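Heads up, the thing below is written out as structure tokens.
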Amino acid sequence: MIYISYYNSPVGKLLLAGKNQKLVGVWIEGQKYYLGKLKENLQEKNDYDILVKTKNWLDRYFNGEKPQINEIDLEPNGSEFAKIVWKLLCEIPYGDITTYGELAKKVAKILNKEKMSAQAIGGAVGHNPISIIIPCHRVVGAKGNLTGYAGGINKKIELLKHEDVDINKLHMLMKGC
Numbered sequence: 002m003i004y005i006s007y008y009n010s011p012v013g014k015l016l017l018a019g020k021n022q023k024l025v026g027v028w029i030e031g032q033k034y035y036l037g038k039l040k041e042n043l044q045e046k047n048d049y050d051i052l053v054k055t056k057n058w059l060d061r062y063f064n065g066e067k068p069q070i071n072e073i074d075l076e077p078n079g080s081e082f083a084k085i086v087w088k089l090l091c092e093i094p095y096g097d098i099t100t101y102g103e104l105a106k107k108v109a110k111i112l113n114k115e116k117m118s119a120q121a122i123g124g125a126v127g128h129n130p131i132s133i134i135i136p137c138h139r140v141v142g143a144k145g146n147l148t149g150y151a152g153g154i155n156k157k158i159e160l161l162k163h164e165d166v167d168i169n170k171l172h173m174l175m176k177g178c
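If you want it as structure tokens, here you go:
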């Protein structure tokens, strides 16, 4: 059984999902891959401990604090490759961004490969099941191109502005938005 609850955020209504007192999902209403790979029955339970803790984390985040990711016990569902990418996303500090290419270099090194495709990284980033907390919004394209975000490019921009990223240095691409 997966327990769910909803959270009204400045970027839209969020669906939170937990199982075994671990956070398995945070999705922005209407985003691509909503509910990800979850196949189990869902039951709304607003007092489920991990979901209450997540709401508190989100309250602090949207109030301008910088809560640490490790305050929440995360268990995103995905391949081992995707989990490596998501772990690297968690290392991107508030106010910073990285590129798919930079992540590809780091993943290649971890996997002892000569190189890694930025597109493969993009696939894993795009399927991140724990939006906002695992900060996939902090990844941009080459040369600072603001490319796709499963929650919508406008929400990506809102989150980056909220984190004091100077988005004037970034470029909006209409393709893939």
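Position 68 (the sequence shown) corresponds to 69 in the numbering used here; numbering is contiguous.
Every residue gets a Cβ at the ideal spot worked out from N, C-alpha and C, and that includes glycine.
Just so it is clear, the structure is predicted and the values come from calculations on it, not from any experiment.
Distance from the Cα of glutamate 41 is smallest, within the candidate group Ser118, Asp50, Asn78 and Asn155, for Asn78. By alpha-carbon distance to threonine 99, the top candidate from Met117, Val108, Ser132 and Gly142 is Gly142. Just so you know, the alpha carbons of asparagine 71 and isoleucine 134 end up roughly 10 Å apart. Pairing glycine 26 with alanine 18 gives a Cβ-Cβ distance under 8 Å. If you look at tyrosine 150, you'll find it isn't in any alpha helix (DSSP H); DSSP assigns it neither H nor E. Residue pairing from DSSP places alanine 18 in a beta bridge opposite Ile5 and Gly26.
In the three-state reduction of the DSSP assignment, glutamine 120 falls in the helix class. For a cut-off of 8 Å, the C-beta gap from glycine 96 to glutamate 164 is around 5 Å, short enough to register as a contact. Under the DSSP assignment, leucine 43 falls in the beta strand (DSSP E) whose first and last residues are 43-45. According to DSSP, residue pairing for isoleucine 131 in a beta bridge involves Val27. Glutamate 45 has its alpha-carbon roughly 32 Å from the corresponding atom of proline 94.
Residues of the same chain with a CB within less than 6 Å of the CB of glycine 127, apart from the 5 flanking positions on each side, are Ala151 in chain order. Unbroken beta strand (DSSP E) stretches of 3 residues or longer found wholly inside the region 37-88: 43-45, given in chain order.
According to the DSSP secondary-structure assignment, glycine 13 is paired through a beta bridge with Ser10. Cα atoms of valine 86 and tyrosine 62: separation of roughly 22 Å, rounded to the nearest angstrom. With respect to the 8 Å criterion, glycine 153 and leucine 171 are not classified as neighbours on the basis of their beta carbons. Burial of leucine 90 is indicated by the presence of at least 16 other C-beta atoms within 10 angstroms of its C-beta.
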